[in-house]
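Undergrad: Residue numbers (my numbering): 1229 to 1400. In this text, a Cβ means the ideal position worked out from N, Cα and C, and glycines have one as well. A quick note: this is a predicted structure, and the numbers were derived from the prediction, not measured.
(1) Return yes when at least one heavy atom of the ligand ADP lies under 7 Å from the C-beta of residue 1299, else no.
(2) Look up residue 1394 in the DSSP assignment and say whether it is helix, strand or coil.
(3) For residue 1346, does the count of other Cβ atoms within 10 angstroms reach 16, so buried, or fall short, so exposed?
(4) Do the CB positions of residue 1389 and residue 1348 come within less than 8 Å of each other?
(5) Between which two residues does the beta strand (DSSP E) harbouring residue 1274 extend?
(6) Do residue 1309 and residue 1338 count as a contact pair if the criterion is CB distance below 8 Å?
(7) Less than 8 Å between the beta carbons of residue 1329 and residue 1342, yes or no?
(8) Does DSSP put residue 1374 in a helix, a strand or coil?
(9) With distance defined between alpha-carbon atoms, name the residue in 1392, 1376, 1375 and 1377 nearest to residue 1383.
(10) Please name the residue, chosen from 1344, 1288, 1315 and 1249, that lies closest to residue 1269 on a Cα-to-Cα basis.
(11) Please state the DSSP three-state secondary structure of residue 1322.
(12) Would you kindly work out how many angstroms separate the C-alpha atoms of residue 1374 and residue 1359, rounded to a whole number?
(13) Would you mind sorting residue 1372 into buried or exposed? The rule is 16 or more other CB atoms within 10 Å of its CB.
(14) Look up residue 1239 in the DSSP assignment and say whether it is helix, strand or coil.
(15) Taking DSSP as the reference, what is the three-state secondary structure of residue 1359?
(16) Does the stretch 1265-1283 touch the stretch 1295-1306, meaning 3 or more C-beta pairs lie closer than 8 Å?
(17) How many Å lie between residue 1261 and residue 1368 at the Cα?
(18) Report all residues from its chain with a CB closer than 8 Å to the CB of residue 1277; omit the five preceding and five following residues, and keep chain order.
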């Protein structure tokens, strides 16, 4: 059998060189656009050297392009949390409830779910821990009824997410 890869794009991901970049650091202070371009060029160089040390030249010669991704920033996490929460809101709506998270609650979840080193991976766990588990507890204890509106907010005193429920009769 013969396999034809002419019209195929193969995407491979790796963290090769990521640790070296983290150790390399970017310094402190205000950055200019030329400084940012220089940092990107240095990052690409560090990653290319790490690839050369990790893979055989025969393999690297077959790769058309290497794309270096920048680490996620807080604003990226805010966009991701909106996407993840939209999925959760649809599931909650399917159960017959309305869910509203305040801006403070979203910010709290974004801070708990963001780690510069791990990116957005901890975000789903933070949503599960601080939102889904709390909602499940409310449903299990029968405090919620179909049509109720659930508002999740941050209690600044205790620095915890608190739930308030507006019954469907109140909402009308």
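TA: Put simply:
(1) With respect to small molecules bound, the structure shown includes none, and the ligand ADP cannot be examined in it.
(2) As a first step, residue 1394 is located in the chain shown; it is residue number 166 there, counting from the start. Strand at residue 1394.
(3) As a first step, residue 1346 is located in the chain shown; it is residue number 118 there, counting from the start. Counting Cβ neighbours within 10 Å, residue 1346 comes out exposed, since fewer than 16 surround it.
(4) Within the chain shown, residue 1389 is the residue found at index 161, counting from 1. Within the chain shown, residue 1348 is the residue found at index 120, counting from 1. Taking 8 Å as the Cβ cut-off, residue 1389 and residue 1348 do not qualify as a contacting pair.
(5) Taking the chain shown and counting its residues from 1, one reaches residue 1274 at position 46. Per DSSP, residue 1274 belongs to no beta strand (DSSP E); it is in the alpha helix (DSSP H), 1261-1282.
(6) Counting from one through the chain shown, the residue named residue 1338 turns up at place 110. Counting from one through the chain shown, the residue named residue 1309 turns up at place 81. A contact, by the Cβ cut-off of 8 Å.
(7) For the purposes of this step, residue 1329 is taken as the residue at position 101 of the chain shown. For the purposes of this step, residue 1342 is taken as the residue at position 114 of the chain shown. No.
(8) Residue mapping note: residue 1374 aligns to position 146 of the chain shown, counting from 1. Correct three-state label for residue 1374: coil.
(9) Walking along the chain shown from the start, residue 1383 turns up at place 155. Checked all of 1392, 1376, 1375 and 1377; the closest Cα to residue 1383 is 1392.
(10) Here residue 1269 refers to the residue found at position 41 when the chain shown is read from its first residue. Looking at the Cα atoms, 1249 is the closest of the given residues.
(11) Along the chain shown, read from residue 1 onward, the residue named residue 1322 stands at position 94. The answer is helix: DSSP assigns residue 1322 an H, G or I state.
(12) Translated into positions along the chain shown, residue 1374 becomes position 146. Translated into positions along the chain shown, residue 1359 becomes position 131. Counting only the Cα atoms, residue 1359 lies some 18 Å from residue 1374.
(13) For the purposes of this step, residue 1372 is taken as the residue at position 144 of the chain shown. Flag for residue 1372 reads buried.
(14) On the chain shown, position 11 is the one that residue 1239 refers to. In the structure shown, residue 1239 sits in coil (DSSP, three-state: anything other than H, G, I, E or B).
(15) In the chain shown, counting from the first residue as 1, residue 1359 sits at position 131. It is helical.
(16) yes
(17) The residue given as residue 1261 occupies position 33 in the chain shown. The residue given as residue 1368 occupies position 140 in the chain shown. Cα to Cα, the separation comes out at about 53 Å.
(18) Position 49 of the chain shown, counting from 1, holds the residue named residue 1277. Answer for residue 1277: 1245, listed in chain order.
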